[in-house]
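What follows is a short report on a single structure.
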Amino acid sequence: MKALSLRRELLAKFVTHSGIGRAARVWRHGMRPDVTILAYHRVLPETMSGQSDFDPELVSAWANEFDWQMSYLKRHCEVLTCEELDSALSSSKGVPRNTVVVTFDDGFKDNFLVAFPILKNHGLRATFFICTDNVESGERLWFDRIVTQIGQRASGPIDLPGYQLDFKENELSRKSATDRFLDHLKRVPNIERVSLCQALFDLIPEGSLKANQLHLPMHWGELKEMAQAGMEIGSHSKTHPILSQVAQDDELHAEIHGSKEIIEKALGQEVASFAYPVGKQFSFDARTVKMVERAGYRFAVTYEAGINPLPVAQRFALKRISVERYISRDMFSASILAPDIMLFPHHRNNPDRSSL
Ligand SMILES: [Zn+2]
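When we follow our numbering, the leftmost residue of the sequence shown carries the number 1, and every step to the right adds one.
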């Protein structure tokens with residue numbers, strides 16, 4: 001495994017520094033232009049590494065690395081929001097070469113306090129997908145709460161209706177039990193997921209963990225400030241369910257149409273784009289896509305790894321490249337320059353855990 005990562009690192013170094021990456025990019029664009037959409041979740045100061053009151057898998061980049069990544073994009077790419085991409089697609093000039101869209105899922109407050117100032121410093125815009133129920137209630141997102149609340153127990157078992165969470169008194173055992181539980185929750189009917197989450201929340205009170213504001217959702221005031229500064233605010237549903245598991249049409253309608261209306265009313269501007277919660281193929285289906293289209297969105301992004309050939313044929317199933325906190329600078333730049341050569345190695349290593 002280590003030898004494999006070393007080979008990938010060497011390949012990334014070669015792609016980035018030899019000039020072959022840039023040549024590959026120019027060649028690829030000439031043959032078949034495309035758009036790269038990056039997916040981030042959280043950006044935190046590296047000093048928080050090792051703290052146990054949040055899910056580290058959701059950290060896409062530490063702040064200093066994010067700063068470097070944005071400076072790289074500023075130097076080498078044309079950075080657009082989803083909305084700007086839509087305008088570029090319908091303009092006579094077309095989509096600029098090296099177009100990259102920077103997106104954030106879930107709406108954690110670090111997006112406002114840490115990522116937004118960095119974006120502003122570089123004069124870049126990004127698209128932020130938010131869950132409106134969490135914005136309004138100020139409550140943490142269910143999956144982040146699960147990880148941190150399980151972290152409060154030294155060991156299992158934790159008995160929930162129809163599910164036993166068992167783990168020993170060590171980090172590895174707790175982590176694999178948490179991963180299995182999250183995976184289970186992504187694949188059961190929504191009604192069952194909601195009741196399992198609630199049963200866990202009732203058993204383990206959140207207590208002092210609420211203290212760190214970076215783990216809370218952004219509120220409307222912060223979102224307004226970002227929108228006024230040119231950031232795009234998109235919808236990530238109301239409650240972050242797995243949409244393919246929502247049985248009732250009226251519930252699905254509220255998640256997709258309802259969240260759009262709520263954001264538009266709160267911010268006074270049109271919401272053009274949607275990000276499917278979790279975003280893997282199993283998490284949305286034809287019924288979901290149709291409803292997103294009917295709600296009047298112009299784009300929807302998934303968490304499936306890939307780039308998007310132009311003209312965009314799959315407006316409602318755009319692929320993204322997820323950024324992870326453990327990728328090197330060479331790996332980041334090589335993924336932008338030559339994603340087809342790099343084959344997204346970090347996605348293969350960790351295909352599902354950060355899809356939330
Ligand atoms: Zn999400």
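Every residue gets a Cβ at the ideal spot worked out from N, C-alpha and C, and that includes glycine.
Item to check | From V101, S91 and E293, residue whose alpha carbon lies closest to that of L124 | outcome: Sequence index remark: in the sequence shown, residue 124 carries index 124 (1-based). When only C-alpha atoms are compared, the closest one is V101.
Next on the checklist: Is it the case that the stretch 5-16 contacts the stretch 280-287, given that we only count it when at least three CB pairs across the two stretches are under 8 Å?
Outcome noted: With a cut-off of 8 Å, the stretch 5-16 and the stretch 280-287 do not count as touching, because too few Cβ pairs lie within range.
Checklist entry - Can you give the beta carbon distance from G156 to A126, rounded, assuming they're within the 8 Å contact cut? => result If you number the sequence shown from 1, residue 156 lands on position 156. If you number the sequence shown from 1, residue 126 lands on position 126. Between G156 and A126 the beta-carbon gap is near 39 Å, outside 8 Å, which marks them as no contact.
Checklist entry - Taking just the CA atoms, how far does D285 sit from R153? => result On the sequence shown, residue 153 is found 153 positions in, with the first residue counted as 1. On the sequence shown, residue 285 is found 285 positions in, with the first residue counted as 1. Computed Cα separation, rounded: 36 Å.
Item to check | Every unbroken beta strand (DSSP E) inside the stretch 43-113 [3 residues or more] | outcome: As summarised for the stretch 43-113, the continuous beta strand (DSSP E) elements at least 3 residues long and confined to that stretch are 59-62, 78-80 and 99-106, given in chain order.
Checklist entry - Alpha carbon to alpha carbon, how far is A63 from L44? => result Against the sequence shown, residue 63 aligns to sequence position 63. Against the sequence shown, residue 44 aligns to sequence position 44. Note on geometry: alpha-carbon atoms of A63 and L44 lie some 5 Å from one another.
Checklist entry - By Cβ distance below 7 Å, which residues in the same chain neighbour P277 in space, the five residues on each side in sequence not counted? => result Locating residue 277 in the sequence shown gives position 277, where the first residue counts as 1. These residues qualify, in order along the chain: H236, S237, H240, P241, I242, L243 and S283.
Item to check | Closest by C-alpha distance to I263, when choosing among F54, V135, C77 and H41 | outcome: Taking the sequence shown and counting its residues from 1, the one referred to as residue 263 is at position 263. Checked all of F54, V135, C77 and H41; the closest Cα to I263 is V135.
Checklist entry - Which runs of the beta strand (DSSP E) fall wholly inside the stretch 249-318 and span at least 3 residues, in chain order? => result List check, beta strand (DSSP E) in window: 273-275 and 299-305.
Checklist entry - Since F128 and I233 are thought to touch, with beta carbons under 8 Å apart, how far apart are those beta carbons, to the nearest angstrom? => result Numbered from 1 along the sequence shown, position 128 holds the residue referred to as residue 128. Numbered from 1 along the sequence shown, position 233 holds the residue referred to as residue 233. The beta carbons of F128 and I233 sit about 6 Å from each other, so the pair counts as a contact at 8 Å.
Checklist entry - Which residues share a DSSP beta bridge with A39? => result Within the sequence shown, residue 39 is the residue found at index 39, counting from 1. Under DSSP, the beta-bridge partners assigned to A39 are T103 and S322.
Item to check | N- and C-terminal bounds of the beta strand (DSSP E) containing D358 | outcome: This structure gives no information on residue 358, because the portion of the chain shown stretches from 1 to 356.
Item to check | Beta-carbon proximity check, V59 vs T99, cutoff 7 Å | outcome: Counted from its first residue, the sequence shown places residue 59 at position 59. Counted from its first residue, the sequence shown places residue 99 at position 99. Contact flag unset, no.
Checklist entry - When burial is assigned at 16 or more other CB atoms within 10 Å of the CB, is Q149 buried or exposed? => result Along the sequence shown, one-based indexing puts residue 149 at 149. Buried, since its Cβ has 16 or more Cβ neighbours within 10 Å.
Checklist entry - When the Cα atoms are used, what is the spatial distance from E192 to Q69? => result Taking the sequence shown and counting its residues from 1, one reaches residue 192 at position 192. Taking the sequence shown and counting its residues from 1, one reaches residue 69 at position 69. The straight-line gap from Cα to Cα measures roughly 40 Å.
Item to check | W142, buried or exposed, once every other Cβ within 10 Å from all chains shown has been counted against 16 | outcome: Locating residue 142 in the sequence shown gives position 142, where the first residue counts as 1. With 16 or more Cβ atoms within 10 Å of its Cβ, W142 is classed as buried.
Item to check | Other residues of its chain near S173: CB distance less than 7 Å, five sequence neighbours each side excluded | outcome: Within the sequence shown, the letter at position 173 stands for residue 173. Excluding its 5 nearest sequence neighbours in each direction, S173 has C-beta neighbours in its own chain below 7 Å: F167, listed in chain order.
Checklist entry - Span of the beta strand (DSSP E) holding S235? => result For the purposes of this step, residue 235 is taken as residue 235 along the sequence shown, with counting starting at 1. Segment E232 to S235, the beta strand (DSSP E) holding S235.
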